[in-house]
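Residue numbers (this note's numbering), protein chains in the order written: chain F, 404 to 740; chain H, 1436 to 1753; chain L, 15 to 249. All C-beta atoms in this analysis are idealised placements derived from N, C-alpha and C, irrespective of residue type, glycine included. Predicted model, so just to flag it, every value in this text is computed and none were measured.
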């Protein structure tokens, strides 16, 4: 079979194996972006500060986007209630703290509550409709969105609540650049939780079974994996990630209110799609890229004022989708007729 | 929406009831009934897109916003006749729908859903940015306001006209092309359906319906077009309505419209939850329960009833 | 006489279509049994009925236990390994992960089992970090066999192992199945279109026609049977 080799393809062939995978438009673009950020940060203190703040915000988007992707991979459904579930669990932390727990005690207790919450939502609301139609499941999550929002407002009220800050107000100065402890803490916690989850999926038997159940449910059943149970556990972990995102988003906004996660959910949608919906790594990278990008654009492009942040994020998303309809990291799926 | 004797009869009955209804209702309830008509139009439009051409949209609130602002601005700046502004909203949204339909050609499934959702999120932000022309967060006030009875008449007349138009459109060649695309794009292409034309057309028509609905929606809020009124929730409500409606039945669309048009108001009065925010709890719970009980929507429920009825005589036979 | 697996009057439906109309068969421990038949005769459905991937009625007994309403997750735990049509490979996972999933229902280390399996499929060792989807068809079939064998099953259900493979590979795969049977005492119920090779491998065989057992007996006898010769062996 004769194929016409394009020039980039020929270039790629002559490279050593380990480099070959990297010489593709997407990794190259990302590498270029990283170089740009590093050089920019070295040249301007202001730029460095904005980049770090963007990174912190981006990991929050990334965490929630990863939660969406986990569920999408398993059930091919976008969970519209993901943000509201995260918001509700943040209120749980608020309640625990007001009952006298320290911030970090409440933090870990909340993660446990979130896991149970996710499992219960899957078993009670999602499992019964799962085999009917995708649209039915989506509408159920939309209903849950409204329901959870209503329940939280009913229980805690729509007024602003204040939580103790997990990180101090300290600002570190490194070579003239000011790094807020809060940004660094957010970054650390989000990255750690994503890494822990990755390790769970990558190295444990449970993680392997969950991946098998999500990818090939029929085959997984044949080797004895209890697929329904794995899906419920998957929702549990997604809710835990959401809770981390919520708990980290709260200090960035200084107040807790029922609409806490609504804009973040939208950015997480954008991040997940940017990364390709099927790709967990893509979701995280997409979130971080979006966070940094928006922060820098907000700082340096006068036209993009705060009202235009969301439309602008989605304009970027649309452009990416038109160029790569399966996202940056997605593999185009060949559909059988 | 199959033409049959029973279907025709029920349509006539529905029309007659709707025509006589305002004489039995208070002004407040006329307003509510008008709102149901607005949702009817929007859901009908979404049904054409999703139910017939198989494309999903979670962004119809954006087209409603554009339609609504068209009416408010034309009335504010030129004191244009309101009916004329509705036609304008229809035309503008049709064209914008075609424009949105073009990139939609490259997207499918969830990606299309999220891209249209992006539209729903982005459009209400624009008045905040371009506040001199679009009124910022204060919104745009039309020069004229209308009574509830006028609104009732206008929205249900528009609903009837648009319903007949949809029926005419979907009955023939175009409807067949849409359905072929929904069932299999590849098969449709290979039997000569020009995919790009019909898919964008479906988007245009659907958006035009949403535009008219938006125009009436604004008239229902005293001619006041405000960004808050067209938030994400509106798009989600239209989607919920379409899901409750199910696909391809007049009664389904009516049920879906009544569901999203009336339920939030009714659930406000449920004593169980009491406070002002209880309405979301009740509404959310009912949305979830309806989908758990009727995953195919109201139309699916009716179809099942019809099947049961058809099956019974057969099983009675010796 | 009671076998490891006994089916009596098993029926199964796909919606309104009845795929099995009362199948009875028996598999003795330590033997290889083949199920032959044309397309749509119910061969695959028989295996699916045993593993519980399709709803069935009738009597199904495995090692003295009634399979009744058990689903695939439970039958796998009882020691029935089902390699389905299309091999059930986890294409997105690595070879090593596929093997680990094979032993999912077992606790403890699987190293020893993997070593045993590698004796039959030595090439798998070099490919353990490769995505299973990038293997060739024959390699995937062998991986499926290896995965099933890691589970140390009491009964292996094989659905058309020869499907889509070159003749050389088919011979190779059947040689390995025979070795597993002879050396490890593995009990196998294999469904095959290729009656020729299946009758060479199996001691006994069943011929299905439209959801019923039309013929049964030792492979020798079936090979000599005129209708089998004409319909399935082609001479």
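How is residue i classed by DSSP in three states: helix, strand or coil?
i                       : result
residue 94 of chain L   : strand
residue 23 of chain L   : strand
residue 220 of chain L  : strand
residue 1704 of chain H : coil
residue 660 of chain F  : coil
residue 572 of chain F  : coil
residue 1627 of chain H : coil
residue 1748 of chain H : Residue confidence is low: residue 1748 of chain H scores 46 on pLDDT, short of 50, so the model does not pin down where it sits. No coordinate-derived value is stated.
residue 236 of chain L  : helix
residue 634 of chain F  : helix
residue 681 of chain F  : coil
What's the gap between the Cα of residue i and the Cα of residue j?
i                       : j                       : result
residue 1702 of chain H : residue 1597 of chain H : 30 Å
residue 67 of chain L   : residue 655 of chain F  : 50 Å
residue 92 of chain L   : residue 164 of chain L  : 14 Å
residue 1575 of chain H : residue 1465 of chain H : 24 Å
residue 1548 of chain H : residue 1729 of chain H : 22 Å
residue 710 of chain F  : residue 719 of chain F  : 15 Å
residue 84 of chain L   : residue 206 of chain L  : 25 Å
residue 1682 of chain H : residue 1735 of chain H : 8 Å
residue 157 of chain L  : residue 600 of chain F  : 29 Å
residue 732 of chain F  : residue 669 of chain F  : 19 Å
residue 242 of chain L  : residue 187 of chain L  : 24 Å
residue 587 of chain F  : residue 429 of chain F  : 27 Å
residue 102 of chain L  : residue 70 of chain L   : 21 Å
residue 680 of chain F  : residue 1582 of chain H : 48 Å
residue 619 of chain F  : residue 477 of chain F  : 9 Å
residue 1739 of chain H : residue 1468 of chain H : 28 Å
residue 251 of chain L  : residue 230 of chain L  : With chain L represented from 15 up to 249, any question about residue 251 of chain L goes unanswered, as that position is not in the structure.
residue 633 of chain F  : residue 715 of chain F  : 37 Å
residue 216 of chain L  : residue 195 of chain L  : 10 Å
Starting from the C-beta of residue i, find all residues in its chain whose C-beta is less than 7 Å away, skip the five residues before and the five after it, and write them out in chain order.
i                       : result
residue 1688 of chain H : 1475, 1478, 1479, 1482, 1680
residue 490 of chain F  : 555, 649, 661, 663, 664
residue 15 of chain L   : Because residue 15 of chain L carries a pLDDT of 42, less than 50, the predicted location of this residue cannot be relied on, and no value is offered for it.
residue 1545 of chain H : none
residue 469 of chain F  : 597, 644, 683, 686, 687
residue 33 of chain L   : 26, 27, 56, 59, 225
residue 698 of chain F  : 453, 456, 457, 460
Looking only at its chain, what residues have a beta carbon closer than 6 Å to the beta carbon of residue i, apart from the 5 residues adjacent to it on each side?
i                       : result
residue 450 of chain F  : 443, 444
residue 509 of chain F  : 496, 499, 500
residue 42 of chain L   : 17
residue 1749 of chain H : With a pLDDT of only 42 at residue 1749 of chain H, under the threshold of 50, the placement of this residue in the model should not be trusted; the figure read from the coordinates follows. Cβ within range, chain order: n/a, list empty.
residue 512 of chain F  : 499
residue 739 of chain F  : A caution first: residue 739 of chain F carries a pLDDT of 40, below 50, which makes its placement in the model unreliable, though a value can still be read off. If we look at residue 739 of chain F and ignore the five residues flanking it on each side, it has no Cβ neighbours.
residue 574 of chain F  : 581, 583
I'd like to check one pair, residue j with residue i: are the Cβ atoms closer than 8 Å?
i                       : j                       : result
residue 589 of chain F  : residue 500 of chain F  : no
residue 169 of chain L  : residue 209 of chain L  : no
residue 1494 of chain H : residue 1625 of chain H : no
residue 1737 of chain H : residue 1686 of chain H : yes
residue 1632 of chain H : residue 1489 of chain H : no
residue 521 of chain F  : residue 690 of chain F  : no
residue 1646 of chain H : residue 1508 of chain H : no
residue 487 of chain F  : residue 551 of chain F  : yes
residue 138 of chain L  : residue 160 of chain L  : yes
residue 51 of chain L   : residue 221 of chain L  : yes
residue 107 of chain L  : residue 146 of chain L  : yes
What whole-angstrom Cβ distance do residue i and residue j have, given they're in contact under 8 Å?
i                       : j                       : result
residue 171 of chain L  : residue 64 of chain L   : 6 Å
residue 57 of chain L   : residue 49 of chain L   : 5 Å
residue 547 of chain F  : residue 524 of chain F  : 7 Å
residue 465 of chain F  : residue 687 of chain F  : 4 Å
residue 90 of chain L   : residue 625 of chain F  : 6 Å
residue 545 of chain F  : residue 1675 of chain H : 6 Å
residue 615 of chain F  : residue 21 of chain L   : Not a contact, Cβ separation roughly 29 Å.
residue 1496 of chain H : residue 1555 of chain H : 5 Å
residue 641 of chain F  : residue 485 of chain F  : 7 Å
Take residue i and list the residues in its own chain whose beta-carbon comes closer than 8 Å to its own, dropping the five residues that flank it on each side.
i                      : result
residue 193 of chain L : 134
residue 672 of chain F : 468, 471, 481
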